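Participant: Residue numbers (the working numbering): 818 to 923. Let me give you the structure first, and then I'll get to my questions.
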Ligand SMILES: [Zn+2]
């Protein structure tokens with residue numbers, strides 16, 4: 818019995834697999850966890866604005882690095898603030914209403 822042997826050199830040498838260890842360093846922490854914020858105040862507009870884009874949208878989790886719990890809390894607070902007209906819904910609101918204080922029309 819003659820076993821067919823593959824000629825040497827055809828198979829690529831096994832590349833060394835570098836395993837990345839998840840450590841505290843490098844991996845960004847949720848800014849709200851870092852500040853130990855448990856309740857997001859919907860009245861704190863300057864705080865909420867930090868988590869919104871210029872166009873009035875809620876910034877993505879990828880960018881904010883917020884955890885699920887805080888992203889939910891933020892979204893809820895921002896939506897609540899919008900409902901109370903403390904924050905704009907869209908960029909159009911900013912332009913049309915002259916955010917932050919819309920001029921009352923009689
Ligand atoms: Zn968090």
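Just so it is clear, CB atoms sit at the ideal spot from N, CA and C, and this is done for glycine as well. Note that the structure is a prediction, hence the values are computed from the model and not measured.
Report whether the distance from the Cβ of residue 883 to the nearest heavy atom of ligand 1 is below 7 Å.
Facilitator: As a first step, residue 883 is located in the chain shown; it is residue number 66 there, counting from the start. The answer is yes for residue 883.
Participant: Please indicate yes or no: does the CB of residue 849 lie closer than 7 Å to some heavy atom of ligand 1?
Facilitator: Walking along the chain shown from the start, residue 849 turns up at place 32. Yes; taking the cut-off as 7 Å, the Cβ of residue 849 has a heavy atom of ligand 1 nearer than that.
Participant: Candidates 871, 891, 866: which alpha carbon is nearest residue 878's?
Facilitator: Within the chain shown, numbered from 1, the residue matching residue 878 stands at position 61. Out of 871, 891, 866, 891 has the C-alpha closest to the C-alpha of residue 878.
Participant: With DSSP run on the structure shown, which of helix, strand or coil describes residue 764?
Facilitator: Residue 764 lies beyond the residue range present for the chain, which begins at 818 and ends at 923; the question has no answer from this structure.
Participant: Tell me whether residue 797, by its Cβ, gets closer than 7 Å to a heavy atom of ligand 1.
Facilitator: One cannot answer for residue 797 here, as it falls past the ends of the chain, which runs 818 to 923.
Participant: Decide if residue 885 is buried, meaning its Cβ has at least 16 other Cβ atoms within 10 Å, or exposed.
Facilitator: As a first step, residue 885 is located in the chain shown; it is residue number 68 there, counting from the start. With fewer than 16 other Cβ atoms within 10 Å, it is exposed.
Participant: When you measure from the CB of residue 896 to every non-hydrogen atom of ligand 1, does any distance come out below 7 Å?
Facilitator: For the purposes of this step, residue 896 is taken as residue 79 along the chain shown, with counting starting at 1. Not under cutoff, so the answer is no.
Participant: State the DSSP-derived secondary structure class of residue 862, mapped to helix, strand or coil.
Facilitator: The residue given as residue 862 occupies position 45 in the chain shown. Looking at residue 862 - three-state DSSP - the assignment turns out to be helix.
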